[in-house]
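One structure is given below, encoded as structure tokens.
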Amino acid sequence: MIPSKSFGGNLYTKKEYDNFIFRFEFQLTPAANNGLGIRTPMEGDAAYVGMELQILDSEHPVYKDLEEYQYHGSVYGVIPAKRGYLKPVGEWNYQKVIANGDHIKITLNGEVILDGNIREAAKNGTIDGKEHPGLFNKKGHIAFLDHGSPVKFRNIRIKELK
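Residues in the sequence shown are numbered from 4 upward in steps of one, following this note's numbering.
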């Protein structure tokens with residue numbers, strides 16, 4: 004992918020993954036907005052054609068009116084994450100995502116901020132009231148999803164679960 008001059012673009016794994024542990028570190032800038040796409044195709048809005056896990060400086064005042072399912076670590080539109088565990092902007096955060104079947108668990112800086120079952124969470128419709136046709140994809144790419152904000156990533160590791 005060739006990034007545009009104004010945005011970095013999305014970065015996808017070459018391989019598709021089903022069940023995995025994804026570990027990474029990230030550093031936010033003020034009001035930064037990004038996402039982690041999981042089990043997603045390489046085209047379309049990952050929040051709907053796959054799953055998007057929020058990567059967001061959600062404590063910044065510009066985001067004061069977010070819905071609970073939009074804060075950092077949330078499965079966008081489906082399962083809200085606990086707040087209060089992001090390090091201050093400019094510091095490195097460590098995150099671990101475990102995707103095992105319908106179970107998604109996210110640990111941020113040593114604290115479990117999301118531990119839920121997507122099928123259970125969406126059984127009566129998603130919390131945002133929108134269709135998420137890729138929510139139950141069995142496999143897909145993992146992607147960093149650019150939303151126009153500088154965010155740094157390092158120490159990225161993927162371990163497949165059997």
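Backbone N, C-alpha and C fix where the C-beta goes; we use that ideal spot for every residue, glycine too. All values derive from a computational prediction rather than experimental measurement.
Which runs of the beta strand (DSSP E) at least 3 residues long sit entirely within the stretch 28-115? Give them in chain order.
36-43, 54-59, 95-103 and 106-111
Go ahead and label M4 buried or exposed: buried means 16 or more other beta carbons lie within 10 angstroms of its beta carbon, across all protein chains shown.
Unreliable positioning characterises M4 in this predicted model, as indicated by a pLDDT of 37, which lies under 50. The coordinate reading is nonetheless provided below. Looking at its Cβ environment, which holds fewer than 16 other Cβ atoms inside 10 Å, M4 is exposed.
For K155, which beta-bridge partners are listed by DSSP?
Q30
Determine the DSSP secondary structure at I121, reduced to helix, strand or coil.
helix
Per DSSP, what kind of secondary structure is E134 in: helix, strand or coil?
coil
Excluding the 5 residues flanking S7 on each side, which residues of the same chain have their C-beta closer than 7 Å to its C-beta?
At S7 the pLDDT is 44, less than 50, meaning the model places this residue with poor confidence; the figure from the coordinates comes in the next sentence. Around S7: no qualifying Cβ.
Take P83 and list the residues in its own chain whose beta-carbon comes closer than 6 Å to its own, dropping the five residues that flank it on each side.
E71, Y72 and S77
If you count every other CB in all the chains shown that lies within 10 Å of the CB of G151, and 16 or more means buried, which is it?
exposed
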